[in-house]
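Visitor:
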Amino acid sequence: MIPAEDAMGPAQMAALLDAAFRVADPLSYLDTTAMTFRALGRGDDARAAAWMGCLYAEGEIELLMSLRTTWRMGLVRSPESIVG
């Protein structure tokens, strides 16, 4: 397992979201990324990618773009901080 301090930071989460939106099927990209992270023992990163995929699947594009802006500012917002 990757230590939590080695998990993706805000810049990497923004880059992952940017990469997903550059491909034809962002949901498949995020799902595959989550599976890859899980296989590599990076559970926190797998959950982050899967969570982004869930938001995308639910049509929460505005929320994802808001999060991307937040992450680019170097801030982290977790699912728990948004959905309570």
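Counted the way our numbering counts, the sequence shown spans residues 14 to 97. Cβ coordinates follow ideal geometry from the N, Cα and C atoms, glycine included.
(1) Could you tell me the boundaries of the alpha helix (DSSP H) in which Gly66 lies?
(2) Tell me the DSSP secondary structure of Leu53 in three-state form.
(3) Taking 7 Å as the cut-off, decide whether the C-beta atoms of Ala59 and Leu43 are in contact.
(4) For Ala62, I'd like the list of residues in its chain whose CB is within less than 7 Å of its CB, leaving aside the five on either flank, ordered along the chain.
(5) What distance in whole Å lies between the Cβ atoms of Trp84 and Ala20, which are believed to be in contact at a cut-off of 8 Å?
(6) State the DSSP-derived secondary structure class of Asp38, mapped to helix, strand or coil.
(7) From Leu77 to Tyr69, what distance separates their C-alpha atoms?
Guide: On the basis of the data shown:
(1) Gly56 to Ala70
(2) In the three-state reduction of the DSSP assignment, Leu53 falls in the coil class.
(3) no
(4) Leu29, Leu43, Thr46, Ala47 and Phe50
(5) Rounded, the Cβ-Cβ distance is 13 Å, inconsistent with contact.
(6) In the structure shown, Asp38 sits in coil (DSSP, three-state: anything other than H, G, I, E or B).
(7) 8 Å
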